[in-house]
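J.: The structure under discussion is supplied below as structure tokens; questions concerning it will follow.
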Amino acid sequence: MAPADLAALAKLADQHGNGLIEITARGNLQVRGLRTDTAPAFAAAVAALLPIEHGPTIDISPIAGVDPTEIADPRPLAEAIGKGAAGMAERLGPKVSVVIDASGQISLDQLKADIRLLAQSDNSWAVTLGGGKPQRTDAEGAAATVLAVLGALAAVGPEARAADLFPGREDITAADSPAPSPARGGLPRWRSWLDLIHGHSRAIALPFGAARSAEIIALCGAAIASVCNNMRLAPDHVLLLDNAPDDLIAQAGELGFITGADDPRNRVSACIGNQGCASGHIAARDIAAQFAPRLPASQSLHVSGCSKGCAHPRPADVTLVGQPDGIGLVFAGRAGDTPSKLLDAAALGAGTFPFQGG
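Numbering (this note's numbering), first residue to last: 306 to 663.
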């Protein structure tokens, strides 16, 4: 979207919500603090500002069609599936998703999917259903297969997922990988190569996936002044700035955004905690910000407001979990795992933290 449109969205988030804006791990924009009396007005204002997508979730690379390394342009396939599934939307569960990965610079292999399509070098697509063995077909066959599975899910009802249609299978790519895998071609993911798309776009990230509306508006103003005319939401809480000059990236850093691969916040995940979620027991992002500078270079930290671990479903080297009676400490595990010990919140606030190995 244009920077002016993102700025307008941020103003609406401030007007109708609490001004907190998030880019999710899937690359979606999320607004916090909407209430029953403000959400309808917000939705109407957004619909008047930008076109709204409907139907099942179909994820493609944010640089689809302009990525010189992608094997195939996934947009026609995504459009065909979207049109074919339009009438099923109300009968499909909200988390049912299709990932179409063109094997380009931005890997989508960490996005959990009911149906996954991966472009192959022979102009075919590898189609994975419910985590089973990939099967190759051409684009027409891939679209037909996806629509058939979505139709079957719609027939079962909103609670159905692709794994239910194929017993014994489960797409565990995103859930069980201990860390993001390298992108194809040997390149690590965005955090280690912030000059993206051979100069076309550059990546910045929202700390712990969130920013205040004032910060977003200021960033958009700087982008407009530097003739950056397009911004793209991307996975891993990333915002891509097309043709961004160095001074714009520097301004983004001054506003608090992550602009370097060596920023320790890259290795920290945190949900909103008790500052915006009824399930949260601790101020997760405040704790994450406190300890990020002290995190050893080889370790990852996850701070979760509760045991659900929404911000980071994969294992982390160190996980702090909010509980009614304190803060659970988990080494090499998830927020839902049994803590090795219970920490006192007051002691943690004083700066005492037993990092693994330190």
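Note that beta-carbon positions come from the ideal geometry of N, C-alpha and C, so glycine has one too.
Remember, it's a predicted structure, so these values are computed and weren't measured experimentally.
Can you find at least 3 beta carbon pairs, one from the region 609-629 and one from the region 637-648, that sit closer than 8 Å?
T.: A contact exists between the region 609-629 and the region 637-648.
J.: Thinking just about the alpha-carbon of each residue, which of A424, S408, A515 is nearest to the one in N333?
T.: Measuring from the Cα of N333, the nearest candidate turns out to be A515.
J.: Which first and last residues belong to the beta strand (DSSP E) in which S402 is found?
T.: First-last of the beta strand (DSSP E) with S402: 402-406.
J.: Mind checking G322: buried by the 16 CB within 10 Å criterion, or exposed?
T.: Under this definition G322 is a buried residue.
J.: Straight-line CA distance for L538 to A307?
T.: Going by the C-alpha atoms only, they are around 11 Å apart.
J.: If contact is defined by three or more beta carbon pairs under 8 Å, each pair taking one atom from either stretch, is the region 451-466 in contact with the region 392-405?
T.: Enough Cβ pairs lie closer than 8 Å, so yes.
J.: How far does the alpha helix (DSSP H) with K438 in it reach, from first residue to last?
T.: It is not in any alpha helix (DSSP H) - K438 carries neither H nor E in the DSSP assignment.
J.: Consult DSSP for L455 and reduce its assignment to one of helix, strand or coil.
T.: Of the three classes helix, strand and coil, the one that applies to L455 here is helix, per DSSP.
J.: Output the boundary residues of the beta strand (DSSP E) element that contains V351.
T.: Where V351 is concerned, there is no enclosing beta strand (DSSP E), although the alpha helix (DSSP H) it sits in stretches over 344-354.
J.: Around the C-beta of G370, are 16 or more other C-beta atoms found within 10 angstroms, so that it is buried, or is it exposed?
T.: Classification of G370: exposed, given that the 10 Å Cβ count is below 16.
J.: In chain order, what residues of the same chain have a beta carbon less than 7 Å from the beta carbon of H586, not counting five sequence neighbours either side?
T.: Once the five neighbours on either side are set aside, the close Cβ partners of H586 are N579, G610, C611, G627, Q628, P629.
J.: If you follow the beta strand (DSSP E) that E327 is in, where does it begin and where does it stop?
T.: Per DSSP, E327 belongs to the beta strand (DSSP E) from 325-328.
J.: What are the uninterrupted segments assigned as alpha helix (DSSP H) that are 4 or more residues long and contained completely in the region 372-425, given in chain order?
T.: Counting whole runs of 4 or more residues, the region 372-425 contains the alpha helix (DSSP H) stretches 380-389.
J.: Do you know how far the Cα of R570 is from the Cα of A250?
T.: Residue numbering for the chain in the displayed model covers 306 to 663; residue 250 lies beyond these limits and cannot be assessed.
J.: Is the region 376-384 touching the region 443-462 in the sense that three or more CB pairs, one from each, lie closer than 8 Å?
T.: In short, these stretches touch, since the Cβ pair count reaches three.
J.: Give me the residue from M536, L647, F513, A589 with the minimum Cα distance to A330.
T.: For A330, the nearest C-alpha among the options comes from F513.
J.: Mapping DSSP to helix, strand and coil, what is F636?
T.: Strand.
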